[in-house]
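With the working numbering as the guide, the letters of the sequence shown map in order to residues 1 to 843.
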Amino acid sequence: MTPDKLINWVVGQKDRIETAIVTSVDTFLEKRRITHGYSNVVYDLRQTQEESTLLAKGGDFCYDRFTTGALYGLFYQGRRINTSLKFAAGFVCEAITDKKPIEIFDLGAGAGAVHLAVALCVEGAIQMGVTALPAIRIINIDISPVMLDFAANYSAPAFNQLFPEGFGHVIAEYESVSWTNSMGVEIVNPYIVASYVFDHSDNKEAVAKTFRDIVEKFDPEQVVLTTSWKKQELVESFAQDEQLSKKFIYEKIPFKWDLPIKGPMSTLQDYRKELNAMHGAGLINHDLVTWNEKSFYGAIFRRRQARMAIAFEESDTSPVNKLDLYQSRVKIRRDLVLSQTQLKAAKPDGRPTIILGSAGSGKSVVITERIKEIVEQQSYNPRLSILLTTFNKSLVSYLIDWLRNLLDDDKYRFLGNSENGRFRFTGSTIDNIRVLNFDKLPTQIGGIGGNLETGKFGLRRRMEEAVNRVVERRSLDRTRYKKILDPDFLHLEYIRVVYGLLYLDLEEYQKSERTGRGATPRLLYNSTERSIIWDCVKEYLVILNDGMPGFSTTDTIYTRRQKLYRGLEHDLPARFTHIFVDEFQDCTLADYQLFYGLAKDLNEVVLTGDYAQAVHLGASSQAPRAMEIFQEGKPAMKRRNIHHLKGSYRLPFRITECLRPLSEHINNSRSDVDVNIINPYRGAPPGARPILVYASSEEQMMTKLSWIHHHYQIFNFEGFGADGKRFITILENDQPLCDRINNKYADLATTDTILRLKGMEKDCIVWSTRVPVNTPGDEDYFVYTILTRTRSILIIAMFDETIPRYREIVKLFPKDRLMIWDEETEQYYQKEILNLPAAEVMA
Numbered sequence: 001m002t003p004d005k006l007i008n009w010v011v012g013q014k015d016r017i018e019t020a021i022v023t024s025v026d027t028f029l030e031k032r033r034i035t036h037g038y039s040n041v042v043y044d045l046r047q048t049q050e051e052s053t054l055l056a057k058g059g060d061f062c063y064d065r066f067t068t069g070a071l072y073g074l075f076y077q078g079r080r081i082n083t084s085l086k087f088a089a090g091f092v093c094e095a096i097t098d099k100k101p102i103e104i105f106d107l108g109a110g111a112g113a114v115h116l117a118v119a120l121c122v123e124g125a126i127q128m129g130v131t132a133l134p135a136i137r138i139i140n141i142d143i144s145p146v147m148l149d150f151a152a153n154y155s156a157p158a159f160n161q162l163f164p165e166g167f168g169h170v171i172a173e174y175e176s177v178s179w180t181n182s183m184g185v186e187i188v189n190p191y192i193v194a195s196y197v198f199d200h201s202d203n204k205e206a207v208a209k210t211f212r213d214i215v216e217k218f219d220p221e222q223v224v225l226t227t228s229w230k231k232q233e234l235v236e237s238f239a240q241d242e243q244l245s246k247k248f249i250y251e252k253i254p255f256k257w258d259l260p261i262k263g264p265m266s267t268l269q270d271y272r273k274e275l276n277a278m279h280g281a282g283l284i285n286h287d288l289v290t291w292n293e294k295s296f297y298g299a300i301f302r303r304r305q306a307r308m309a310i311a312f313e314e315s316d317t318s319p320v321n322k323l324d325l326y327q328s329r330v331k332i333r334r335d336l337v338l339s340q341t342q343l344k345a346a347k348p349d350g351r352p353t354i355i356l357g358s359a360g361s362g363k364s365v366v367i368t369e370r371i372k373e374i375v376e377q378q379s380y381n382p383r384l385s386i387l388l389t390t391f392n393k394s395l396v397s398y399l400i401d402w403l404r405n406l407l408d409d410d411k412y413r414f415l416g417n418s419e420n421g422r423f424r425f426t427g428s429t430i431d432n433i434r435v436l437n438f439d440k441l442p443t444q445i446g447g448i449g450g451n452l453e454t455g456k457f458g459l460r461r462r463m464e465e466a467v468n469r470v471v472e473r474r475s476l477d478r479t480r481y482k483k484i485l486d487p488d489f490l491h492l493e494y495i496r497v498v499y500g501l502l503y504l505d506l507e508e509y510q511k512s513e514r515t516g517r518g519a520t521p522r523l524l525y526n527s528t529e530r531s532i533i534w535d536c537v538k539e540y541l542v543i544l545n546d547g548m549p550g551f552s553t554t555d556t557i558y559t560r561r562q563k564l565y566r567g568l569e570h571d572l573p574a575r576f577t578h579i580f581v582d583e584f585q586d587c588t589l590a591d592y593q594l595f596y597g598l599a600k601d602l603n604e605v606v607l608t609g610d611y612a613q614a615v616h617l618g619a620s621s622q623a624p625r626a627m628e629i630f631q632e633g634k635p636a637m638k639r640r641n642i643h644h645l646k647g648s649y650r651l652p653f654r655i656t657e658c659l660r661p662l663s664e665h666i667n668n669s670r671s672d673v674d675v676n677i678i679n680p681y682r683g684a685p686p687g688a689r690p691i692l693v694y695a696s697s698e699e700q701m702m703t704k705l706s707w708i709h710h711h712y713q714i715f716n717f718e719g720f721g722a723d724g725k726r727f728i729t730i731l732e733n734d735q736p737l738c739d740r741i742n743n744k745y746a747d748l749a750t751t752d753t754i755l756r757l758k759g760m761e762k763d764c765i766v767w768s769t770r771v772p773v774n775t776p777g778d779e780d781y782f783v784y785t786i787l788t789r790t791r792s793i794l795i796i797a798m799f800d801e802t803i804p805r806y807r808e809i810v811k812l813f814p815k816d817r818l819m820i821w822d823e824e825t826e827q828y829y830q831k832e833i834l835n836l837p838a839a840e841v842m843a
């Protein structure tokens, strides 16, 4: 059997191949084209075509719209099969001649053209009488789950119907981005094909280096690089690598490689005309659609010395319905490999430390690693007393699990639960590590008990009563002092200024700066306004302590903290040898003093966080040093070490690119602290761009969100609960929208506040832009934190009642890094976001 015979057989099937291509696209479109209700498939196909032209202009194509695979079939699939046939026939003939199984890694597999070419050649061999066929496995790997979804569930099945023996013999696997075989298949006779992986505009050198590393790791029989002729320099730079040239013989594929299949693709051309005529698809349709590829360029690297053939077992060949999204998420904390920057930040050095990092940069990972380092350096010393605290209850549970995973099971007992982690080392009589929610420190550490009120209504009612008493006592004109008599303003003034900045008497409050409260009314020093505010806050504390009709005596989380501060100020001793604070940006000046008061050594206080996520304090967030009272009798507090963690490992690459201008905006607004600007990590998942969707009603938004959720479940959202239900998580709390969705699609949506989800991550986040934040002026911090909670899909839901500031924030995002969902959204974006004149808004 020769390659030419196989190629000639495949060429004879060109009409059937074309039919399979059209069938794959038509099946895909029919599955998504509905006769009633809502569908944006035609708009999306048009936008995908428009965006695909960026490649020819030297730009970047995101491969994230759900119609990308279908468009690829309509324009490129036949040509890619054609350019793959010669080396595919070579692979198959070598396997037959040498009687050895082969494994083909197709990096940049797209819609699976190499798989199709190989399986067609296998079909040809079978039809020509070859019976002793060795096993052939192809691992299709691509950055785009939507492309692999099309390859696995539309393209391969369409070809399988017409060429069942060839496609039944080839074992196909599909993985997104992880350029290794994470499915546990033993690699024995690998061939590597890199299909257009050098075509992306981002970081070409890094792509080339990663590819070289893969070649060295798997030591393949052959390497085939295919790309467009404009990218030839990167292919040739690979060929010039001195180490690799010792192993491989380089064979350049000429520009005008004589492609096997020639002539027109009449069936495809007619189908494109039909789509245009019936659905207004707006597809480019040239006078003559052919099999020819004009810009093809490539190279083949053949191993100088062939390896011995080794067999491997076949496995299930059925196409997958759910694909792995990018690199597998690390489930076991000890399996996570830290970067050099993270390892440096995790190294104990006896100095107070601040670890800054944007969302997804691994701050919580670093803090648990640093605790492990301390414990191991001191050989599980029973005198160690470590406190790890953060604000989010769910994050506390994660941190506890990570520490249990990192520490030596034989050297400690775990005595706590998911909310109160207590680690006691062998031979110890104390809890050597405590992991606690910050709000539990007063009760668990300070012994402060009693009733606790956290409900917004109860606290607001008490503040209203305080205002009424002060107004009556001082005979105030409510209209004149309307702004400062607002209960919400007064409550925040207490949290951020009176308690937060430790202005605990009227004289100090009257003469001191109200840091971070610039968006609230400007208050003169020593003014009547400040005196009124002080009286209202003081009366509020009296009501909390004494009660009022219909409301019992109670504490708030802030009055409890204030009591803990007083205890540390007077007789409560320091308890911890080391203190770690995760998400420190939510701490007030007073909160920091609690940590310094609890610490035996101020040099062993480690803070990790991101000022851009200061949803509790906004622009007033900062990290002060210890007050003099908490330095007495302790080693002098040294100069701080500050570590910056670069890049976001969790956030999808495209989302990070989109959010960077908002991150820069927050940074530019803060001259007092160092805000980390978010940057995409080159190894991060590409994911999809943020999806911008507008609806004029809740009903319409429900329909569109469920449609998006349906299309993008190919991103393999992780299930929640025993039934594996994949939620849409709506932030901020938009209960009416959530109810509307769940009334039609049971339990599809859940809604929450960012204050509760702080530090956590979800698969599908919807930002409801009609819900205001509790603290006007802090919108940027809330929005940034909401948008960085996703690890897969981010949806920005726009309404007629969208908060005006939110429109300004969306305007910051580069349009080419937003996926505008449909024509209605496009019109809204042009009119309401870009503020284009009516004459310029698309019809």
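Idealized CB from N, CA, C, for every residue including glycine. In this text the structure is predicted, and so the values were computed from the model without any measurement.
Limits of the alpha helix (DSSP H) - the one that MET798 falls within | Your numbering for residue 798 matches position 798 in the sequence shown. Premise fails: MET798 lies in the beta strand (DSSP E), 790-798, not in any alpha helix (DSSP H).
Would you kindly check if the distance between the Cβ of ALA797 and the Cβ of VAL771 is under 7 Å?
-> Within the sequence shown, numbered from 1, the residue matching residue 771 stands at position 771. Within the sequence shown, numbered from 1, the residue matching residue 797 stands at position 797. In this structure, ALA797 does not lie closer than 7 Å to VAL771 by Cβ.
Could you round the C-beta distance between TYR412 and GLN613 to whole angstroms and report it? I think they count as a contact, below 8 Å.
-> Reading the sequence shown from its first residue, position 412 is the one you call residue 412. Reading the sequence shown from its first residue, position 613 is the one you call residue 613. Not really, about 32 Å apart at Cβ, beyond 8 Å.
Where does GLY421 sit, in a helix, a strand or coil, going by DSSP?
-> Here residue 421 corresponds to residue number 421 of the sequence shown, with the count starting at 1. Residue state, collapsed to three classes: strand.
Sort out for me which residues DSSP pairs HIS578 with in a bridge.
-> Taking the sequence shown and counting its residues from 1, the one referred to as residue 578 is at position 578. The partner list for HIS578 (beta bridge, DSSP) reads ILE386.
Between which two residues does the beta strand (DSSP E) carrying ASP142 extend?
-> Position 142 of the sequence shown holds residue 142. It spans 136-142 - the beta strand (DSSP E) in which ASP142 sits, taken as one unbroken run.
THR53 burial status per 10 Å Cβ neighbour count (16 or more: buried) | Taking the sequence shown and counting its residues from 1, the one referred to as residue 53 is at position 53. It counts as exposed.
Using 6 Å as the cut-off, classify the Cβ of ASN276 as near or not near the heavy atoms of the ligand FAD, replying yes or no.
-> Ligands displayed in this structure: none; no statement on the ligand FAD is therefore possible.
Residues bridged to LEU288 by DSSP?
-> The residue given as residue 288 occupies position 288 in the sequence shown. DSSP output for LEU288 lists no bridge partner at all.
Please determine if the region 593-610 and the region 567-583 are in contact, where contact requires at least 3 C-beta pairs separated by less than 8 Å.
-> yes
Under the assumption that MET278 contacts GLY78 (Cβ atoms under 8 Å), give the Cβ distance between them as a whole number of angstroms.
-> Translated into the one-based positions of the sequence shown, residue 278 becomes position 278. Translated into the one-based positions of the sequence shown, residue 78 becomes position 78. 22 Å between Cβ atoms; not a contact.
Distance, ARG625 Cα to PHE595 Cα = The sequence position of residue 595 within the sequence shown is 595, counting from 1. The sequence position of residue 625 within the sequence shown is 625, counting from 1. PHE595 and ARG625: Cα-Cα distance of roughly 11 Å.
Going straight from the alpha carbon of PHE438 to that of ARG422, what length do you get?
-> Indexing the sequence shown from 1 puts residue 438 at position 438. Indexing the sequence shown from 1 puts residue 422 at position 422. Near 15 Å, if we compare the C-alpha coordinates of ARG422 and PHE438.
On the premise that ILE678 lies in contact with SER358, defined as a C-beta separation below 8 Å, what is that separation, rounded to the nearest angstrom?
-> For the purposes of this step, residue 358 is identified with residue 358 of the sequence shown, where counting begins at 1. For the purposes of this step, residue 678 is identified with residue 678 of the sequence shown, where counting begins at 1. Indeed they touch by this definition, with Cβ atoms about 4 Å apart.
Is the CB-CB distance between TYR611 and TYR649 below 7 Å?
-> Here the question's residue 611 lines up with position 611 in the sequence shown. Here the question's residue 649 lines up with position 649 in the sequence shown. No, these two residues do not count as a Cβ contact at 7 Å.
ARG807 to ILE833, Cα distance in whole Å?
-> Position 807 of the sequence shown holds residue 807. Position 833 of the sequence shown holds residue 833. Taking the straight line from one Cα to the other gives about 6 Å.
Measure the Cβ-Cβ separation of TYR174 and VAL22 and say whether it is below 7 Å.
-> One-based indexing of the sequence shown puts residue 174 at position 174. One-based indexing of the sequence shown puts residue 22 at position 22. No, the pair does not count as a contact, with Cβ atoms beyond the cut-off.
Are the beta-carbon atoms belonging to TYR191 and PRO220 less than 7 Å from one another?
-> As a working mapping, residue 191 is identified with position 191 in the sequence shown. As a working mapping, residue 220 is identified with position 220 in the sequence shown. Going by C-beta atoms, TYR191 is nearer than 7 Å to PRO220.
Would DSSP call TYR503 helix, strand or coil?
-> Within the sequence shown, residue 503 is the residue found at index 503, counting from 1. Looking at TYR503 - three-state DSSP - the assignment turns out to be coil, as it is neither helix nor strand.
Distance, Cα to Cα, CYS62 vs THR83?
-> In the sequence shown, counting from the first residue as 1, residue 62 sits at position 62. In the sequence shown, counting from the first residue as 1, residue 83 sits at position 83. Their Cα atoms are separated by approximately 23 Å.
Where ALA156 sits in the DSSP three-state scheme | In the sequence shown, counting from the first residue as 1, residue 156 sits at position 156. DSSP places ALA156 in helix when its eight states are reduced to three.
Note the first and the last residue of the continuous beta strand (DSSP E) segment covering GLU173.
-> What you label residue 173 is simply residue 173 of the sequence shown in a count that begins at 1. Its beta strand (DSSP E) spans residues 170-176.
What three-state label does DSSP hand ALA845 in the structure shown?
-> Because the chain here runs from 1 to 843, residue 845 falls outside it and cannot be looked at.
Where the alpha helix (DSSP H) containing TYR412 begins and where it ends = As a first step, residue 412 is located in the sequence shown; it is residue number 412 there, counting from the start. First-last for TYR412: 412-414, but that is the beta strand (DSSP E), not the alpha helix (DSSP H).
Beta-carbon separation (whole angstroms), ILE557 vs THR454, contact threshold 8 Å | Translated into the one-based positions of the sequence shown, residue 557 becomes position 557. Translated into the one-based positions of the sequence shown, residue 454 becomes position 454. ILE557 to THR454, Cβ: 7 Å. Contact.
Is DSSP giving GLU94 helix, strand or coil here?
-> Position 94 of the sequence shown, counted from the start, is the residue given in the question as residue 94. DSSP places GLU94 in helix when its eight states are reduced to three.
Indicate whether ASN774 and THR751 have their beta-carbon atoms separated by less than 7 Å.
-> Working through the sequence shown from its first residue, we reach residue 774 at position 774. Working through the sequence shown from its first residue, we reach residue 751 at position 751. No, these two residues do not count as a Cβ contact at 7 Å.
Closest Cβ-Cβ distance between GLY777 and chain D: below 7 Å?
-> Absent here is chain D; the protein component of the structure consists of one chain.
Take every Cβ of the region 110-117, pair it with every Cβ of the region 152-161, and state whether three or more of those distances are shorter than 8 Å.
-> yes
Identify every residue that forms a DSSP beta bridge with PRO680.
-> Walking along the sequence shown from the start, residue 680 turns up at place 680. According to DSSP, which records beta bridges pairwise, PRO680 is partnered with SER648.
Are ILE666 and ILE354 close, meaning C-beta to C-beta below 7 Å?
-> Your numbering for residue 666 matches position 666 in the sequence shown. Your numbering for residue 354 matches position 354 in the sequence shown. Contact: no.
Are the beta-carbon atoms of LEU162 and ALA20 separated by less than 7 Å?
-> By one-based count along the sequence shown, residue 162 stands at place 162. By one-based count along the sequence shown, residue 20 stands at place 20. For LEU162 and ALA20, yes; Cβs fall inside 7 Å.
Decide if GLN342 is buried, meaning its Cβ has at least 16 other Cβ atoms within 10 Å, or exposed.
-> Your numbering for residue 342 matches position 342 in the sequence shown. The residue in question, GLN342, is buried, as its Cβ has 16 or more Cβ neighbours within 10 Å.
Given that a residue counts as buried once 16 or more other Cβ atoms are within 10 Å of its Cβ, and exposed if not, what is LEU251?
-> As a first step, residue 251 must be located in the sequence shown, where it is residue number 251. Before going on, a small fix: residue 251 reads as Glu here, not Leu. GLU251 should be labelled exposed.
Is the beta carbon of VAL375 sitting closer than 7 Å to the one on ALA346?
-> For the purposes of this step, residue 375 is taken as residue 375 along the sequence shown, with counting starting at 1. For the purposes of this step, residue 346 is taken as residue 346 along the sequence shown, with counting starting at 1. No, Cβ-Cβ distance for VAL375 and ALA346 is not below 7 Å.
Can you check the region 343-404 for any alpha helix (DSSP H) of at least 4 residues that lies completely inside it and give the ranges in chain order?
-> 363-377
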